[in-house]
Amino acid sequence: MMIDIKEHAELSVLNHSCAHMMAQAVKRLYPNALFWVGPVVSEGFYYDIDLGDEVIKDDDLPKIEKEMKKIAKDGKRITRKEISKEEALEMFKDDLYKIDLISGLEDGTITCYQQGEFIDLCRGPHVETVKELKNFKLLKHSGAYWKGDSDNKVLQRIYGVCFPTAEELEEHLNLLEEAKKRDHKKLGRELDIFTMSEYAPGMPFFLPNGMIIRNQLENFWYEEHTKENYQFIKTPIMMSRELWEVSGHWDNYQENMYTTKVDDRDFAIKPMNCPGALLAYKAGLHSYKDLPLRVGELGQVHRHEASGALNGLFRVRTFTQDDAHIFMRPQQIEEEVMSLIQFIDRVYAIFGLTYRIELSTRPEKKYIGDLEIWEKSEAALAAACEHAGKTYKVNPGDGAFYGPKLDFHIKDSLGREWQCGTIQLDMNLPERFDLTYVESDGTKVRPVMLHRVIFGSIERFIGILIEHYAGHFPTWLAPQQVMVVPVHHEKHVEYAEKINALISANGYRSKLDARNEKLGYRIREAQLAKIPYQLVIGDGEQEQGTVTIRRAQSKESQTVTVEEFLAILSEEVKEKRL
RNA sequence: GCCGGAGUGGCUCAAUGGUAGAGCAAUUCACUCGUAACGAAUAGGUUGGGUGUUCGAUUCACCUCUCCGGCACCA
């Protein structure tokens, strides 16, 4: 597993010092460079730099590395200096970035660190001398908006990583290389799971293998939700402008919506399922006795995401949300959310996925609803996490304008986190659509509503699974579960066909490879296709009514009766064994 | 959308200012085979698209599309 640099105190200091050394090297190569911040992050360090009109190109990284090696070899000590805020402002008076930083600091002493000719504002701590910074690598670079604001100037950001020894660095770089082999875009192509076309940017095409995985996930989803007392609906993919005006999307989300005009009337393809779900709710009268009402929909949405945001199956322009909207009485929130957290936890465990929860609270400026309700809702979400025994990180101000939410994040092979599950309270739509239910006293009351997904998007979830399993899907999900391989393509083909037919008749996905090729060749292909079970059939098996099993990723083989093999398959699939 | 990088047969990649070459895959033939590649032959590309420079562009320039790594975005 990839190391999280930020989580290791020593590596953190080392990487931070290395960021300074990189800045020093950049300053030598670009005398006009001005520096913004250079923090340590989980992948190492970066520094944001203003190079005036110059930009960093790929070829520049080796040059900077070379200069850094020189500095490290020179071996200057890193010394700490304390100065007053006034002195700091004077010292950096020609540097608008430093002035900006210093102005934001409290009055009192400010620390600087110096090595050779280079001095930088910094809280520290740092390593003793730059001699310790010999084993580093600059990994990538990009433009990055100053202060993360797209209205600001683009600074040059350079990422790197540093380790105490050359061996650790090399091992880390190897891990990065290995991670690339698990990339779902690469495996998705190799295993014929999905494809993309420039005629539909950001919109994946699922190939037959991908459809098997998808259908398995969807069937599983329906089964589990049926157990949890969900009902299911399917709403139209396109609805008229008036609906989106009621929901607020026409005013707030229009640039992300695909719209069309038919018979002089505006329509929009749904970017979310909720408005449709609310119309379905309004199709009838609801009693407090029916609550919580759990209504699920595997709904395909379209969003015109920024071109630069697109990324394989992780970020697409059309995807299927495993959505559900839950309508309930206010006092039911905490219990409902708690059981949802456990539901999500149970589902992720089946796939062997680990995750992290974030609680996003009320945005500072733009939000709707009472402050009191917000606070109660946030408390309910937090309490639900605690009662479910889950830790969470608070993201202050990161909630949607209509309510607080819990997000479930899962890492990809490169350690990047993607939001999958989410539980969001909504104080907006029930109001806009005037939802009601009949309370015990006969009055009409506004229900509390929450949106929730578990996979998040089936597309993204499949992307995550491809990387998580490195293409080796567990048997219950594997596009093809069994490959029957007769040793001789004529002598053993009849028995092999019988075996293949029997396995298929029992509901498993089996194929016969009776091509006129060497056994080793066909085994190799089955291994590369990551088929969980290869059954070799030769004279011995034919005579005794057995099959010889070879598992994917294994060199071992084992001979069992056909019945025994079916029992193995049955148990493995039924239990969704990993 | 922004910064950088990349687009060559299904896939992985090579090459050159003078109309592209390999490996894998495919097809055919031969081999008749016990656990990760037997061999041979054949076919397959208007080098993402457009414009310009040039006697000549896949190669140079510009525009555009798509993809990748980041940034921003992520109701």
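Here the first sequence stands for residues -15 to 562, numbered as in my numbering.
Ideal placement from N, C-alpha and C gives every residue a C-beta, glycine not left out.
By the DSSP assignment, the alpha helix (DSSP H) with residue i in it spans what residues?
{"i": "Arg444", "result": "Ile442 to Tyr453"}
{"i": "Arg198", "result": "Pro192 to Lys211"}
{"i": "Ile352", "result": "Looking at the DSSP string, Ile352 is not in any alpha helix (DSSP H), and its letter there is neither H nor E."}
{"i": "Met322", "result": "Ile317 to Phe335"}
{"i": "Gln526", "result": "Asp523 to Gln528"}
{"i": "Glu70", "result": "Lys69 to Met75"}
{"i": "Gln8", "result": "Ala(-7) to Leu13"}
{"i": "Asp32", "result": "Element bounds for Asp32: not the alpha helix (DSSP H) but the beta strand (DSSP E), Gly28 to Asp34."}
{"i": "Pro46", "result": "Asp44 to Asp58"}
{"i": "Phe549", "result": "Val546 to Lys558"}
{"i": "Glu152", "result": "Ala150 to Lys165"}
{"i": "Arg561", "result": "Taken as a continuous stretch (DSSP letters only), Arg561 belongs to no alpha helix (DSSP H), as it is neither H nor E."}
Taking the beta carbon of residue i as the centre, do at least 16 other beta carbons fall within 10 Å, making it buried, or is it exposed?
{"i": "Phe120", "result": "buried"}
{"i": "Phe102", "result": "buried"}
{"i": "Leu461", "result": "buried"}
{"i": "His(-8)", "result": "exposed"}
{"i": "Lys124", "result": "exposed"}
{"i": "Leu80", "result": "exposed"}
{"i": "Asn(-1)", "result": "buried"}
{"i": "Met467", "result": "buried"}
{"i": "Ala368", "result": "buried"}
{"i": "Leu324", "result": "buried"}
{"i": "Arg400", "result": "exposed"}
{"i": "Ser344", "result": "buried"}
{"i": "Lys254", "result": "buried"}
{"i": "Asn16", "result": "exposed"}
By the DSSP assignment, the beta strand (DSSP E) with residue i in it spans what residues?
{"i": "Gly172", "result": "It is not in any beta strand (DSSP E) - Gly172 instead sits in the alpha helix (DSSP H) that spans His168 to Glu174."}
{"i": "Cys563", "result": "What the structure shows of the chain is the stretch from -15 to 562, and residue 563 is not part of that stretch, so it cannot be assessed."}
{"i": "Asp410", "result": "Glu401 to Asp410"}
{"i": "Lys389", "result": "Lys389 to Lys395"}
{"i": "Asn379", "result": "Tyr376 to Asn379"}
{"i": "Arg278", "result": "Leu277 to His286"}
{"i": "Asn500", "result": "Taken as a continuous stretch (DSSP letters only), Asn500 belongs to no beta strand (DSSP E), as it is neither H nor E."}
{"i": "Val246", "result": "Thr243 to Val246"}
{"i": "Lys121", "result": "Asn119 to Tyr129"}
Roughly how many angstroms separate the alpha carbons of residue i and residue j, rounded to a whole number?
{"i": "Glu152", "j": "Cys146", "result": "9 Å"}
{"i": "Ser494", "j": "Pro463", "result": "9 Å"}
{"i": "Thr532", "j": "Ala293", "result": "48 Å"}
{"i": "Arg340", "j": "His473", "result": "51 Å"}
{"i": "Glu281", "j": "His209", "result": "10 Å"}
{"i": "Pro380", "j": "Asp235", "result": "26 Å"}
{"i": "Leu157", "j": "Asp167", "result": "16 Å"}
{"i": "Leu263", "j": "His309", "result": "12 Å"}
{"i": "Glu342", "j": "Lys60", "result": "43 Å"}
{"i": "Asp497", "j": "Asp133", "result": "57 Å"}
{"i": "Gly92", "j": "His110", "result": "21 Å"}
{"i": "Ser181", "j": "Lys164", "result": "22 Å"}
{"i": "Arg64", "j": "Gly100", "result": "12 Å"}
{"i": "Tyr30", "j": "Gly108", "result": "15 Å"}
{"i": "Ser424", "j": "Ala267", "result": "21 Å"}
{"i": "Tyr492", "j": "Gln465", "result": "7 Å"}
Cβ of residue i within 9 Å of Cβ of residue j?
{"i": "Ile62", "j": "Val21", "result": "no"}
{"i": "Thr543", "j": "Glu527", "result": "no"}
{"i": "Val469", "j": "Val520", "result": "yes"}
{"i": "His286", "j": "Met241", "result": "yes"}
{"i": "Ala261", "j": "Gln238", "result": "no"}
{"i": "Trp140", "j": "Asp34", "result": "First, the amino acid is wrong: residue 140 is Gln here, not Trp. For Gln140 and Asp34, yes; Cβs fall inside 9 Å."}
{"i": "Ile507", "j": "Arg534", "result": "yes"}
{"i": "Ile317", "j": "Leu434", "result": "yes"}
{"i": "Lys377", "j": "Gly383", "result": "no"}
{"i": "Leu13", "j": "Lys41", "result": "no"}
{"i": "Ala563", "j": "Lys57", "result": "Residue 563 falls outside the range modelled here, since the chain spans only -15 to 562, and no answer is possible."}
{"i": "Ile394", "j": "Tyr332", "result": "yes"}
{"i": "Leu277", "j": "Met312", "result": "yes"}
{"i": "Val39", "j": "Gly127", "result": "yes"}
{"i": "Gly455", "j": "Leu160", "result": "no"}
Roughly how far, in whole angstroms, is the beta-carbon of residue i from the beta-carbon of residue j, given that I think they are within contact range, below 8 Å?
{"i": "Ile448", "j": "Asp396", "result": "6 Å"}
{"i": "Leu413", "j": "Ser231", "result": "7 Å"}
{"i": "Leu117", "j": "Cys2", "result": "5 Å"}
{"i": "Ile197", "j": "Phe457", "result": "7 Å"}
{"i": "Ile67", "j": "Val24", "result": "Not quite, the Cβ-Cβ distance comes to about 24 Å (not below 8 Å), so this is no contact."}
{"i": "Asp306", "j": "Trp402", "result": "Wrong, their Cβ atoms sit about 15 Å apart, outside the cutoff."}
{"i": "Lys77", "j": "Leu105", "result": "The pair is not a contact, with the Cβ atoms about 13 Å apart (cut-off 8 Å)."}
I'd like to confirm something about residue i: is its beta-carbon nearer than 8 Å to some heavy atom of the ligand GTP, or not?
{"i": "Gly381", "result": "Of ligands this structure carries none, so the ligand GTP is not represented either."}
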